[in-house]
Amino acid sequence: MTLIGILLALLLERLLGHLPGWGRPVLFLAVMRGLHALAPQRLWRSLALPVLIVVPPAVLVWWGFGLIEGPIVRLLLSAAVLLLCLGPRDLAEDVHDLLQARAEGDAERAAQLARALQRGAQPGETHRSLVGALFVQSHEKLFGVLLWFFALGPAGAVLYRLVSRLPRLLDETAPDSPALRAADWLHAVLAWLPARVTALVYGLAGSLDDALAAWRQLWREPEPEHGWRTQTWAVLAEVPSASLGAEEQGGAVVPASLEALLTEVLRMQWRALLIMLAGFALTTTGQLL
Numbered sequence: 115m116t117l118i119g120i121l122l123a124l125l126l127e128r129l130l131g132h133l134p135g136w137g138r139p140v141l142f143l144a145v146m147r148g149l150h151a152l153a154p155q156r157l158w159r160s161l162a163l164p165v166l167i168v169v170p171p172a173v174l175v176w177w178g179f180g181l182i183e184g185p186i187v188r189l190l191l192s193a194a195v196l197l198l199c200l201g202p203r204d205l206a207e208d209v210h211d212l213l214q215a216r217a218e219g220d221a222e223r224a225a226q227l228a229r230a231l232q233r234g235a236q237p238g239e240t241h242r243s244l245v246g247a248l249f250v251q252s253h254e255k256l257f258g259v260l261l262w263f264f265a266l267g268p269a270g271a272v273l274y275r276l277v278s279r280l281p282r283l284l285d286e287t288a289p290d291s292p293a294l295r296a297a298d299w300l301h302a303v304l305a306w307l308p309a310r311v312t313a314l315v316y317g318l319a320g321s322l323d324d325a326l327a328a329w330r331q332l333w334r335e336p337e338p339e340h341g342w343r344t345q346t347w348a349v350l351a352e353v354p355s356a357s358l359g360a361e362e363q364g365g366a367v368v369p370a371s372l373e374a375l376l377t378e379v380l381r382m383q384w385r386a387l388l389i390m391l392a393g394f395a396l397t398t399t400g401q402l403l
């Protein structure tokens with residue numbers, strides 16, 4: 115049922131993705147801004163805030179689904195919850211907007227879109243790049259949510275969606291606060307294993323030898339400023355980026371232009387998604403479907 119729920123949610127996302135405004139975090143932002151307006155400033159900046167925001171919704175979803183007895187109703191509701199937790203916005207839509215702005219010569223809008231794609235969790239300056247940010251966004255919008263949904267069901271998807279979005283919100287409303295530091299730490303904890311699974315899947319979708327070589331190089335580097343947290347995002351940025359090279363006789367070939375590179379990122383995301391779905395099928399049924 116879990117695999118069917120994932121497939122149903124992904125299908126609905128494709129069908130609904132063309133609707134104007136679909137995928138924008140309207141509900142999340144409305145609720146969070148309401149809480150920000152109601153909560154005392156001291157609580158909003160406190161160390162306990164991320165737990166108070168993230169844990170109750172996840173527990174409520176877990177408890178609510180435990181009360182549902184009908185398998186069909188459970189399937190449909192779990193697919194609906196997963197659908198709401200994917201994104202916000204599809205990575206392909208963001209990349210296409212960026213390529214369109216570049217094609218139209220709108221340098222200001224292209225720079226704005228590129229900055230938006232690099233918002234959120236990032237490795238240190240050494241590993242910061244637009245292509246690396248796309249792979250991080252791919253994990254945050256899609257793969258991380260799918261992995262937590264597969265592990266814990268709808269509660270896992272809600273948990274990771276809230277955890278991945280909260281640091282950006284707190285960076286705007288409570289910068290340099292204990293709440294922001296706790297949210298970053300919690301995000302990194304829940305992303306540690308899924309990020310590495312995503313990086314491995316991307317390696318399988320591209321040049322695995324180059325991906326493993328980049329991974330080994332990261333292991334040999336000195337520990338970054340924020341240690342294991344920064345390392346997680348560096349793995350997500352560097353390993354899939356290295357796997358972009360297509361294996362041909364004479365070595366790996368990387369797309370020459372930025373447009374070709376971004377297009378190949380989207381193709382790799384599609385291949386990686388198919389590989390991950392095959393892994394889910396193998397795990398749940400014992401054979402490839």
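Every position in the sequence shown, counted from 1, becomes a number in this note's numbering once 114 is added.
The C-beta atom is built at its ideal place from N, Cα and C for all residues, glycine as well.
All of these numbers come straight from a predicted model, not from anything done at the bench.
Run of the alpha helix (DSSP H) containing residue i, from where it starts to where it stops
i	result
Q331	L322 to R334
H301	P292 to A319
R233	First-last for R233: undefined, no H or E at that position.
E352	W342 to A356
M382	L372 to T399
S243	Unbroken run through S243: none, as it is neither H nor E.
E127	T116 to L130
L189	P185 to C199
L166	L163 to G180
H210	L205 to A217
H150	V140 to L152
L256	That residue, L256, is in no alpha helix (DSSP H); it is neither H nor E in DSSP.
G270	P268 to T287
L157	Q155 to W158
Chain-order list of residues whose beta-carbon lies under 8 angstroms from that of residue i (same chain, five-residue window excluded)
i	result
Q251	L205, D208, L231 and G234
Q363	The predicted model places Q363 with a pLDDT of 45, which falls under 50 and marks its position as unreliable; any figure quoted below should be read in that light. Result list for Q363: empty, nothing under 8 angstroms.
M382	Y316, A319, G320, P354, S357 and L358
S243	A351 and S355
R138	P202 and R203
I182	R188 and L191
Sequence-distant residues of the same chain with beta carbon closer than 7 angstroms to residue i, five excluded per side
i	result
I118	L189
R159	A288, S291, P292 and A293
F142	R279
L124	none
A277	Here the sequence assigns Val to residue 277, which means Ala is not the residue at that position. Cβ within range, chain order: V168, L300, H301 and L304.
For residue j and residue i, the rounded distance between their alpha carbons
i	j	result
A151	V303	28 angstroms
R275	Q331	30 angstroms
V173	P292	24 angstroms
T344	F263	24 angstroms
G178	V165	19 angstroms
W329	R216	32 angstroms
A374	L388	21 angstroms
E361	G148	Residue placement at E361 is poorly supported in this model, since its pLDDT is 48, which falls under 50; the coordinates still yield a value, given next. Computed Cα separation, rounded: 51 angstroms.
V259	S371	31 angstroms
A193	E127	10 angstroms
D298	A271	18 angstroms
L300	A224	32 angstroms
L403	L396	In this predicted model, L403 has a pLDDT of only 43, less than 50, meaning its place in the structure is not dependable enough to derive any value.
T377	W384	11 angstroms
I167	P154	14 angstroms
P268	G219	43 angstroms
G393	V195	22 angstroms
A162	P281	14 angstroms
L256	L200	6 angstroms
L157	L227	33 angstroms
Cβ shell of residue i (< 6 angstroms), same chain only, five flanking positions each side left out
i	result
Q401	The predicted model places Q401 with a pLDDT of 47, which falls under 50 and marks its position as unreliable, so this point remains unresolved.
L284	A293, L294 and A297
### Task
Tell me, please, whether the stretch 350-358 touches the stretch 306-317 by the rule of three or more beta-carbon pairs shorter than 8 angstroms.
Yes, the stretch 350-358 is in contact with the stretch 306-317.
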